[in-house]
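Just below is one structure, and these are the notes that go with it.
There are 4 protein chains.
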Amino acid sequence: MRASVAARFAKAYPVVLLARTAATYEGSVKAINDAGGKAIGINADATDRASLDAAFETIAKELPDYKLAAAIYNASGGLKPAPFVEIDPQVLESSIDVNIRGFFNFAQKTLPLLEDAVSSSPHPPSLIVTGATASVKGSAKFATFAAGKWAKRALAQSIAREYGPKGVHVAHAIIDGVITGPRTEAYTGVNGGAPDGKISADSIAETYWSLHTQHRSGFTWEVDIRPYVEKW
Amino acid sequence: MRASVAARFAKAYPVVLLARTAATYEGSVKAINDAGGKAIGINADATDRASLDAAFETIAKELPDYKLAAAIYNASGGLKPAPFVEIDPQVLESSIDVNIRGFFNFAQKTLPLLEDAVSSSPHPPSLIVTGATASVKGSAKFATFAAGKWAKRALAQSIAREYGPKGVHVAHAIIDGVITGPRTEAYTGVNGGAPDGKISADSIAETYWSLHTQHRSGFTWEVDIRPYVEKW
Amino acid sequence: MRASVAARFAKAYPVVLLARTAATYEGSVKAINDAGGKAIGINADATDRASLDAAFETIAKELPDYKLAAAIYNASGGLKPAPFVEIDPQVLESSIDVNIRGFFNFAQKTLPLLEDAVSSSPHPPSLIVTGATASVKGSAKFATFAAGKWAKRALAQSIAREYGPKGVHVAHAIIDGVITGPRTEAYTGVNGGAPDGKISADSIAETYWSLHTQHRSGFTWEVDIRPYVEKW
Amino acid sequence: MRASVAARFAKAYPVVLLARTAATYEGSVKAINDAGGKAIGINADATDRASLDAAFETIAKELPDYKLAAAIYNASGGLKPAPFVEIDPQVLESSIDVNIRGFFNFAQKTLPLLEDAVSSSPHPPSLIVTGATASVKGSAKFATFAAGKWAKRALAQSIAREYGPKGVHVAHAIIDGVITGPRTEAYTGVNGGAPDGKISADSIAETYWSLHTQHRSGFTWEVDIRPYVEKW
Numbered sequence: 001m002r003a004s005v006a007a008r009f010a011k012a013y014p015v016v017l018l019a020r021t022a023a024t025y026e027g028s029v030k031a032i033n034d035a036g037g038k039a040i041g042i043n044a045d046a047t048d049r050a051s052l053d054a055a056f057e058t059i060a061k062e063l064p065d066y067k068l069a070a071a072i073y074n075a076s077g078g079l080k081p082a083p084f085v086e087i088d089p090q091v092l093e094s095s096i097d098v099n100i101r102g103f104f105n106f107a108q109k110t111l112p113l114l115e116d117a118v119s120s121s122p123h124p125p126s127l128i129v130t131g132a133t134a135s136v137k138g139s140a141k142f143a144t145f146a147a148g149k150w151a152k153r154a155l156a157q158s159i160a161r162e163y164g165p166k167g168v169h170v171a172h173a174i175i176d177g178v179i180t181g182p183r184t185e186a187y188t189g190v191n192g193g194a195p196d197g198k199i200s201a202d203s204i205a206e207t208y209w210s211l212h213t214q215h216r217s218g219f220t221w222e223v224d225i226r227p228y229v230e231k232w
Numbered sequence: 001m002r003a004s005v006a007a008r009f010a011k012a013y014p015v016v017l018l019a020r021t022a023a024t025y026e027g028s029v030k031a032i033n034d035a036g037g038k039a040i041g042i043n044a045d046a047t048d049r050a051s052l053d054a055a056f057e058t059i060a061k062e063l064p065d066y067k068l069a070a071a072i073y074n075a076s077g078g079l080k081p082a083p084f085v086e087i088d089p090q091v092l093e094s095s096i097d098v099n100i101r102g103f104f105n106f107a108q109k110t111l112p113l114l115e116d117a118v119s120s121s122p123h124p125p126s127l128i129v130t131g132a133t134a135s136v137k138g139s140a141k142f143a144t145f146a147a148g149k150w151a152k153r154a155l156a157q158s159i160a161r162e163y164g165p166k167g168v169h170v171a172h173a174i175i176d177g178v179i180t181g182p183r184t185e186a187y188t189g190v191n192g193g194a195p196d197g198k199i200s201a202d203s204i205a206e207t208y209w210s211l212h213t214q215h216r217s218g219f220t221w222e223v224d225i226r227p228y229v230e231k232w
Numbered sequence: 001m002r003a004s005v006a007a008r009f010a011k012a013y014p015v016v017l018l019a020r021t022a023a024t025y026e027g028s029v030k031a032i033n034d035a036g037g038k039a040i041g042i043n044a045d046a047t048d049r050a051s052l053d054a055a056f057e058t059i060a061k062e063l064p065d066y067k068l069a070a071a072i073y074n075a076s077g078g079l080k081p082a083p084f085v086e087i088d089p090q091v092l093e094s095s096i097d098v099n100i101r102g103f104f105n106f107a108q109k110t111l112p113l114l115e116d117a118v119s120s121s122p123h124p125p126s127l128i129v130t131g132a133t134a135s136v137k138g139s140a141k142f143a144t145f146a147a148g149k150w151a152k153r154a155l156a157q158s159i160a161r162e163y164g165p166k167g168v169h170v171a172h173a174i175i176d177g178v179i180t181g182p183r184t185e186a187y188t189g190v191n192g193g194a195p196d197g198k199i200s201a202d203s204i205a206e207t208y209w210s211l212h213t214q215h216r217s218g219f220t221w222e223v224d225i226r227p228y229v230e231k232w
Numbered sequence: 001m002r003a004s005v006a007a008r009f010a011k012a013y014p015v016v017l018l019a020r021t022a023a024t025y026e027g028s029v030k031a032i033n034d035a036g037g038k039a040i041g042i043n044a045d046a047t048d049r050a051s052l053d054a055a056f057e058t059i060a061k062e063l064p065d066y067k068l069a070a071a072i073y074n075a076s077g078g079l080k081p082a083p084f085v086e087i088d089p090q091v092l093e094s095s096i097d098v099n100i101r102g103f104f105n106f107a108q109k110t111l112p113l114l115e116d117a118v119s120s121s122p123h124p125p126s127l128i129v130t131g132a133t134a135s136v137k138g139s140a141k142f143a144t145f146a147a148g149k150w151a152k153r154a155l156a157q158s159i160a161r162e163y164g165p166k167g168v169h170v171a172h173a174i175i176d177g178v179i180t181g182p183r184t185e186a187y188t189g190v191n192g193g194a195p196d197g198k199i200s201a202d203s204i205a206e207t208y209w210s211l212h213t214q215h216r217s218g219f220t221w222e223v224d225i226r227p228y229v230e231k232w
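As given, the protein sequences belong to chains A, B, C and D, one line each in that order. Quick note on UniProt numbering: the first sequence kicks off at 1 and runs consecutively. Quick note on UniProt numbering: the second sequence kicks off at 1 and runs consecutively. Quick note on UniProt numbering: the third sequence kicks off at 1 and runs consecutively. Quick note on UniProt numbering: the fourth sequence kicks off at 1 and runs consecutively.
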């Protein structure tokens with residue numbers, strides 16, 4: 001879905017993709033540039049503030065004429081169901097890292113830049129956060145996964161309340177289903193194998209774009225997104 | 001907001017406006033037709049099943065070549081705060097009428113038509129329901145108002161779960177703020193008189209249109225919509 | 001569960017059971033009186049304000065020395081899953097009657113009496129409302145059932161906010177499971193037939209009593225109640 | 001409130017108080033023992049698994065004839081409102097420590113002991129978790145506080161779903177108000193200085209006890225607790 005969102009926003013803006021490894025963004029960067037858009041990929045680890053600082057210095061150098069119109073936090077960790085008492089504390093730490101510490105750092109870095117773009121941006125500068133069903137439900141055997149997702153949603157909601165009045169749009173998306181993409185191509189039985197039983201990554205990108213382009217008098221804080229056939 | 005939504009959907013479809021009195025829809029119908037779109041207004045009362053039947057017969061005659069792509073239920077009643085024990089039972093009945101009975105009838109009438117349009121409609125046929133903060137919060141002195149809104153949301157959610165798998169998109173919007181329009185023009189102090197402190201009716205229309213055009217693999221059940229300066 | 005709640009409160013107070021037919025309360029009234037408590041049964045229909053007025057006149061005559069310490073609204077209608085478009089409007093009306101109109105009347109009748117008892121009652125006078133899973137979830141094919149339950153919860157929440165500061169405790173219980181009793185005795189497969197897989201009516205009564213006896217500095221607005229084995 | 005809860009449970013069981021410093025539990029331990037109950041205080045830090053292990057070894061030695069009937073997690077951190085971008089990452093880490101890491105360790109340590117007590121305990125063994133309004137709302141300027149509280153609630157909910165079927169009762173309490181106690185004695189203006197405008201710690205203890213004594217057929221997962229005069 002990272003590639004779809006980048007491609008959608010690249011129709012209007014130069015985009016920067018941050019990831020821990022180049023493999024995560026290379027294809028997407030190439031595709032956007034080949035299609036006549038502008039994309040940059042930078043290695044960065046949101047759990048490491050110095051790494052994030054370096055990345056944004058690079059961005060400032062590479063795109064000196066642009067302000068930040070939208071920032072999207074999409075990092076996610078592996079989801080391994082496990083009986084609670086068997087969960088290795090390291091699994092909890094990973095969930096904290098990617099969902100809480102990483103997002104906290106990313107938000108602290110991007111919010112001042114978004115705020116700085118309020119008066120000049122064509123649409124209200126936006127921070128969009130990808131969540132999951134586990135952002136609102138603590139299912140049995142998904143304790144640490146849910147803990148990270150809930151905390152990320154809490155951070156986003158608090159920020160939304162603080163930054164709305166500044167003109168920055170913070171939104172949270174609850175993705176309730178399996179998303180199309182290389183990682184899930186093999187899952188053929190999702191929703192009984194129904195056509196469009198996985199969420200098209202492009203459709204998420206379109207919804208994110210519609211969030212970004214909302215007028216400031218009508219901000220949405222949260223959307224849920226799920227396939228028509230999903231049971232909920 | 002009725003006019004804005006009609007105008008937005010009229011960019012793509014002929015639209016039909018139903019209201020108990022012609023005064024409610026006349027201006028909107030004229031504006032759309034003047035602008036080169038196609039609009040019809042019909043007197044109808046959703047609490048009266050015969051009236052609704054008659055309206056849809058008229059629609060079938062007037063627009064024989066069209067199927068129903070989207071239905072929007074936007075009726076709302078007056079909101080009068082009152083101590084609970086002083087509420088006249090008739091006020092409860094009004095809230096039941098407009099929010100529950102009216103929507104129930106409207107949904108029973110439109111859902112088969114929406115389902116019938118699934119295979120041919122350019123976007124998943126949609127039933128969009130306008131709610132309010134009172135749809136999720138029972139504030140003191142707004143008991144009957146909240147009762148109606150919660151019940152309408154319950155109906156919509158149940159229908160969303162039943163009709164999603166059929167390809168019909170049912171969505172509920174929580175409008176959390178004062179909407180621009182003739183009725184609210186005089187309210188100059190909303191959100192401290194901040195610019196864009198009222199929700200632009202056009203921005204709601206745009207969000208409704210983005211809901212309607214979502215791909216079936218990524219339906220949103222609910223959005224909240226509020227001004228950037230709204231306290232929530 | 002009516003009998004269990006009555007029996008529990010009868011340990012401390014004389015109790016009055018209201019129901020449309022005597023068969024509903026007779027056994028319970030007899031059991032309480034036989035056990036040395038005090039119970040009265042009165043035929044009343046909460047959807048009929050005159051009937052409710054008459055019932056409370058009878059109560060005033062029969063128990064002239066007592067004020068109202070607790071009122072419990074427990075009426076419920078049949079739950080018949082049905083495709084939405086096949087639901088007879090009369091089924092909606094029934095749900096409105098029992099959940100909305102009936103509770104509205106009952107609350108209007110009892111709240112002034114509860115308020116009047118604040119200064120003399122041993123525990124904060126309480127209005128306890130029985131809800132269900134359908135009070136917070138609009139499941140497919142349970143549209144009208146959910147509509148009634150949501151609306152009842154909205155009324156209760158609004159009243160809780162208005163009457164809390166007056167010292168009256170309004171609480172809502174989400175009963176998430178099958179309750180023991182004559183009506184459900186035959187359901188042997190609940191929760192796979194697990195022991196205590198149905199909610200003991202006595203355990204609900206005990207929880208209601210603990211709500212009633214809460215200190216006014218620590219009111220609970222809502223509890224959920226479900227068997228340990230229930231999936232949620 | 002620690003002292004009140006300990007005193008309430010000490011009416012039925014020997015109790016053990018864990019805290020990082022003896023000053024936190026000394027008075028409570030002495031009061032219970034003086035009153036003829038049995039209480040032990042142990043220095044322990046829930047964020048340190050070795051410290052927790054040592055504490056439970058001590059408990060096993062001191063109370064060899066007892067199984068664990070109830071465990072209550074009550075640790076909380078300071079609540080300092082701050083603009084999001086000014087929050088020191090260390091403040092986030094503290095919230096993670098006390099709310100997430102600490103509770104995770106505590107739950108992993110106590111759940112097997114609670115499970116082991118199921119067949120012999122007079123009431124279903126219980127893990128009760130103290131939450132706050134910030135457990136369900138991410139207010140502006142309380143981002144890290146809310147993140148910790150939401151994550152703790154997510155862990156508790158996941159555990160409740162996993163351990164309910166084993167007969168262990170996991171419950172979460174949303175404390176919505178200021179609690180009486182030495183730390184808050186000076187706050188005289190709470191709820192406009194209304195009598196009982198702070199939540200009596202004893203009333204929370206009573207509600208926790210009623211949760212612990214619920215029958216397994218009627219477990220409550222979550223209660224909210226607030227003063228009658230609290231605005232919500």
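Even glycine gets a Cβ: it sits at the ideal position worked out from N, Cα and C. As the structure is a prediction and not an experimental result, all values here were calculated from the model.
The shortest CA-to-CA distance from THR144(B) to any of ALA140(C), ASP97(C), ALA151(C), PHE142(C) is the one to ALA151(C). Its Cα nearest to that of ILE100(C), the residue LYS149(C) stands out among PRO112(C), HIS212(C), LYS149(C), SER139(C). Its Cα nearest to that of ALA134(A), the residue GLN157(D) stands out among SER121(D), GLN157(D), SER139(D).
From the listed residues ALA23(B), LEU113(B), GLN108(B), ASP34(B), the smallest Cα separation to ALA60(B) is found for LEU113(B).
For SER126(A), there is no enclosing alpha helix (DSSP H); the residue is found in the beta strand (DSSP E) stretching over 126 to 132. For ARG2(D), no Cβ of chain C is located within less than 8 angstroms of the residue's own Cβ. Taking the beta carbon of ARG153(C) as reference, the chain B residues within 8 angstroms of it are GLY138, TRP150, listed in sequence order. For HIS215(B), the C-beta contacts it makes with chain A under 8 angstroms involve ASP196, SER200, ASP202, SER203, GLU206, in order along the chain. No residue range can be given for ILE87(C), since it is assigned to no beta strand (DSSP E) and is classified by DSSP as neither H nor E.
Bridge pairing for TYR73(B): VAL129(B) [DSSP]. Contacts with chain C (Cβ-Cβ distance below 8 angstroms) from the stretch 105 to 131 of chain B involve ASN105, ALA107, GLN108, LEU111, PRO112, listed in chain order. Interface criterion met: the Cβ of PHE219(B) is under 8 angstroms from a Cβ in chain A. Judged by their CB atoms, ASN105(B) and THR21(B) are not nearer to each other than the 8 angstroms cut-off. Listed in chain order, the non-local C-beta contacts of ILE225(C) below 8 angstroms within the same chain comprise ALA173, ILE174, ILE175, ASP176, GLY177, ILE199, SER203, ILE204, THR207, local neighbours out to five positions each way being set aside. Residue environment for ASN33(A): exposed (fewer than 16 other C-beta atoms within 10 angstroms of its C-beta). Exposure of LYS80(B) is indicated by the presence of fewer than 16 other C-beta atoms within 10 angstroms of its C-beta. With respect to the 8 angstroms criterion, PRO83(B) and GLU162(C) are classified as neighbours on the basis of their beta carbons. DSSP places VAL29(D) in no beta strand (DSSP E) but in the uninterrupted alpha helix (DSSP H) bounded by 22 to 34. In the three-state scheme derived from DSSP, where H, G and I count as helix and E and B as strand, GLY164(C) is classed as helix. Residue range 2 to 10 is occupied by the alpha helix (DSSP H) that includes VAL5(B).
Using a Cβ-Cβ cut-off of 7 angstroms, ALA75(C) is close to nothing in chain B; its nearest Cβ partner there is about 16 angstroms away. With contacts defined as CB atoms closer than 8 angstroms, ALA23(A) and VAL15(A) fail to qualify as a contacting pair. Cβ-Cβ separation between GLY181(D) and PHE219(D): approximately 28 angstroms, too far for a contact (criterion under 8 angstroms).
Legend: CB atoms of the stretch 59 to 90 of chain D lying less than 8 angstroms from CB atoms of chain A belong to residues PRO83, PHE84, VAL85, ILE87, PRO89. CA-to-CA, the gap between ALA31(D) and ALA19(C) works out to about 50 angstroms. None of the residues of the stretch 19 to 49 of chain A has a beta carbon lying less than 9 angstroms from any beta carbon of chain B. Residue burial is scored here from C-beta neighbours: TYR25(A) has at least 16 other C-beta atoms within 10 angstroms and is therefore classed as buried.
DSSP, reduced to helix, strand and coil, places GLY41(C) within a strand of the structure shown. By the CB criterion at 8 angstroms, SER210(B) and SER210(A) fall inside the cutoff. For ASP53(C), the secondary structure class from DSSP, reduced to helix, strand or coil, is helix. Put simply, the backbone Cα of ALA12(A) is about 19 angstroms away from that of ARG216(A). DSSP places LEU79(C) outside any beta strand (DSSP E), giving it a letter other than H or E.
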